[in-house]
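Asks:
Residue numbers (this note's numbering), protein chains in the order written: chain A, 1 to 270; chain B, 271 to 540.
In structure tokens form, the structure reads like this:
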């Protein structure tokens, strides 16, 4: 039995495939934020083939909350584009198993649940645009506080597709007013990972009554002189998927992402 | 019977929906280049639902040659996103009907061919990025010569999806070497319509032996001091679709596009 790794520092400097190997060996069962900096981390969603067309179409129609990075062939578990040799069933530290839209269990390994008709979707995550914001000198409040990003259900419906429909969920980051333009520019370069903010400034426009009471994640303070900036959030497709109550759906556990071999910088346009 | 319109000039200043109305009435059966400048024109591809997942996945995996603008629900013929009130069966000047991958006929109206299981795909076209290039002072050779853009089958395979596979097809525009950087910048802003060039400079890298012998379209001269610039081309999905020999496939006729209500500028990132 391989030794459990206690600290992120013991993974510093390792390549993505080396970290995935340790995850696969059961040595790391914790969140992945901060691991393999510069490499793209992805959300995982798996549904039966019978629902895959509707879900793919939902992502196509709602690219900001559902930025597809790779769709695997039915039954396939190797993400050949993002990480050749990897296995989406074993290389994520923690998974969730949903039955009929309800969380059934959290597990370390999906092999016992796998079926030949399952289709894996890997979607972009906000880690990819937070790094360039920080490189530009911006401080990301929830990261500094060591809490989860605050997320809100908005009054904006996603474009429906087949059985999938529901409201847009957004994440919020407070930024000094002077940084807003630069933040829009930087994140616009990353349409593959949520892209530009969907709103700046007035939470009530999105139907958010109290920015201190998020629907998911943790509240963070908005200081005087700061503006709340809202981005489409990867929780949207998960919420929409659960509402459709699929017989079986498999996802990563929150914060426990798939670490790919793709460099964040390759996702930038311009 | 409405009068046939003889000259583009008689359509000058009309809004997209007014032009579509005249097309629907049978008054305009000619190419759409130059009509409703500033508004997005789109390629049409229609396949039975049984093939739609594979085709949607092919587009997701190959966004440069297959930039999806809208996917209609099965049986639906109104593109609600791009042009509410329009009808993809009647609002294009000329269509092609393919049976088992072979061109069966060219028609003016798809209503007699329509079925409840057909899925319509509208894809971006190069007109949208040619205008900003011309606005920046670049001269587009095939437009100046009044011929079709030269297109080449490359040695680069697309990423396959289900029954769909085949080589990338590119279009070529010669540009003065000094304009190449600006052309890359401008077209990078339009990932929804082929985006940045896929290659600049050496046709042989793409397996193109003679840039004066295109596989489709017309040859155009490359002058001394000019560099051939290659973009992914919307002929790719058509070629790939025909190779899969679907029982039935419907498309626009070359050059006869769907004129949407969407402004080109809304497709720009940054």
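Note that CB positions come from ideal geometry on N, CA and C, so glycine has one too.
#1: What does residue 326 of chain B touch in chain A if you count any residue whose Cβ is under 8 Å from its own?
#2: Under 7 Å Cβ-Cβ, which residues of chain B neighbour residue 191 of chain A?
#3: Can you list, in chain order, the residues of its chain with a C-beta nearer than 7 Å to that of residue 64 of chain A? Leave out the 5 residues immediately preceding and following it.
#4: Cutting at 6 Å between CB atoms, please list the residues of its own chain near residue 525 of chain B, excluding the five before and the five after it.
#5: Here's the rule I'm using: 16 or more other beta-carbon atoms within 10 Å means buried, otherwise exposed. How should residue 292 of chain B be labelled?
#6: Where are the alpha helix (DSSP H) runs, 4 residues long or more, that stay fully inside the region 98-156 of chain A, in chain order?
#7: Leaving out five residues before and five after residue 235 of chain A in sequence, what residues of the same chain have Cβ atoms less than 7 Å from its Cβ?
#8: Nearest-angstrom Cα distance between residue 297 of chain B and residue 47 of chain A?
#9: Grouping DSSP H, G and I as helix and E and B as strand, with all else coil, what is residue 603 of chain B?
#10: Tell me whether residue 407 of chain B is buried or exposed, calling it buried when 16 or more other Cβ atoms sit within 10 Å of its Cβ.
#11: Tell me where the beta strand (DSSP E) around residue 530 of chain B begins and ends.
#12: Measuring only between beta-carbons, confirm whether residue 338 of chain B sits less than 8 Å from chain A.
#13: Measure from the alpha carbon of residue 283 of chain B to the alpha carbon of each residue in B:308, B:367, B:417 and B:528, then state which is nearest.
#14: With 8 Å set as the bound, which would you pick, yes or no: does the beta-carbon of residue 535 of chain B sit closer than that to a beta-carbon of chain A?
#15: Residues in the same chain with beta-carbon distance under 6 Å from residue 149 of chain A, minus the five sequence neighbours each way, listed in chain order, please.
#16: Throw me the rounded Cβ distance for the residue 344 of chain B and residue 381 of chain B pair, which I believe falls under 8 Å.
#17: Using a C-beta to C-beta distance shorter than 7 Å, which residues of chain B count as neighbours of residue 260 of chain A?
#18: Does residue 240 of chain A get closer than 8 Å to chain B when you measure Cβ to Cβ?
#19: Residue ranges of each alpha helix (DSSP H) run of no fewer than 4 residues wholly in the region 279-310 of chain B, ordered along the chain?
#20: Applying a beta-carbon distance threshold of less than 7 Å, which residues of chain B neighbour residue 188 of chain A?
#21: Got a sec: which bits of the region 282-304 of chain B sit with their beta carbon under 9 Å from any beta carbon on chain A, in order along the chain?
#22: Check whether chain A comes within 8 Å of residue 334 of chain B, counting only Cβ atoms and requiring the distance to be less than that.
#23: Checking contacts by CB at 8 Å: is residue 513 of chain B closer than that to chain A?
#24: Assign residue 344 of chain B to one of three DSSP states: helix, strand, or coil.
#25: Quickly, what does DSSP pair residue 366 of chain B with across the bridge? List them, please.
#26: Identify, in the order they occur along the chain, each residue of the same chain with its Cβ nearer than 7 Å to the Cβ of residue 295 of chain B, setting aside the five sequence neighbours on each side.
#27: Can the beta-carbon of residue 289 of chain B be found closer than 8 Å to that of residue 306 of chain B?
#28: Just checking my contact of residue 237 of chain A with residue 59 of chain A at CB under 8 Å: how many whole Å lie between their CB atoms?
#29: Which residues in the same chain as residue 259 of chain A place their Cβ atom closer than 7 Å to its Cβ, once the five residues preceding and following it in sequence are excluded?
#30: Can you list the residues of chain A that residue 433 of chain B reaches, using a CB-CB cut of under 9 Å?
#31: Show which residues of chain A have a CB atom less than 8 Å away from the CB atom of residue 341 of chain B.
#32: Which residues, in chain order, does the region 434-457 of chain B contribute to contact with chain A at a C-beta distance below 9 Å?
#33: Is it true that the CB of residue 119 of chain A sits closer than 8 Å to the CB of residue 107 of chain A?
#34: Which one of B:448, B:459 and B:414 has the shortest CA to CA distance from residue 470 of chain B?
#35: Applying the criterion that 16 or more other CB atoms from any shown protein chain within 10 Å of the CB defines a buried residue, is residue 458 of chain B buried or exposed?
Replies: A quick look at the data gives this:
#1: 53, 56, 57 and 60
#2: 461 and 539
#3: Closer than 7 Å at Cβ, skipping near neighbours: 194, 195, 198 and 232.
#4: 301
#5: Around the beta carbon of residue 292 of chain B, 16 or more other beta carbons sit within 10 angstroms, so the residue counts as buried.
#6: 127-135 and 141-145
#7: 151, 169 and 216
#8: 48 Å
#9: Given that chain B is displayed from residue 271 to residue 540, the structure contains no residue 603 of chain B and the question cannot be resolved.
#10: exposed
#11: From DSSP, the beta strand (DSSP E) with residue 530 of chain B extends over 528-533.
#12: Interface residue, yes.
#13: B:308
#14: No - not a single Cβ of chain A is within 8 Å of the one on residue 535 of chain B.
#15: 142, 171 and 217
#16: Residue 344 of chain B to residue 381 of chain B, Cβ: 17 Å. No contact.
#17: What residue 260 of chain A touches in chain B: nothing, since even the nearest Cβ is about 16 Å away.
#18: No, residue 240 of chain A does not count as interfacial toward chain B.
#19: 286-294
#20: 539 and 540
#21: none
#22: no
#23: no
#24: coil
#25: B:376 and B:521
#26: 272
#27: yes
#28: 7 Å
#29: 16, 19, 20, 32, 35, 36, 39 and 41
#30: Residues of chain A with a Cβ closer than 9 Å to the Cβ of residue 433 of chain B do not exist; the shortest Cβ-Cβ separation is about 12 Å.
#31: 57, 60 and 61
#32: 454 and 455
#33: no
#34: B:448
#35: buried
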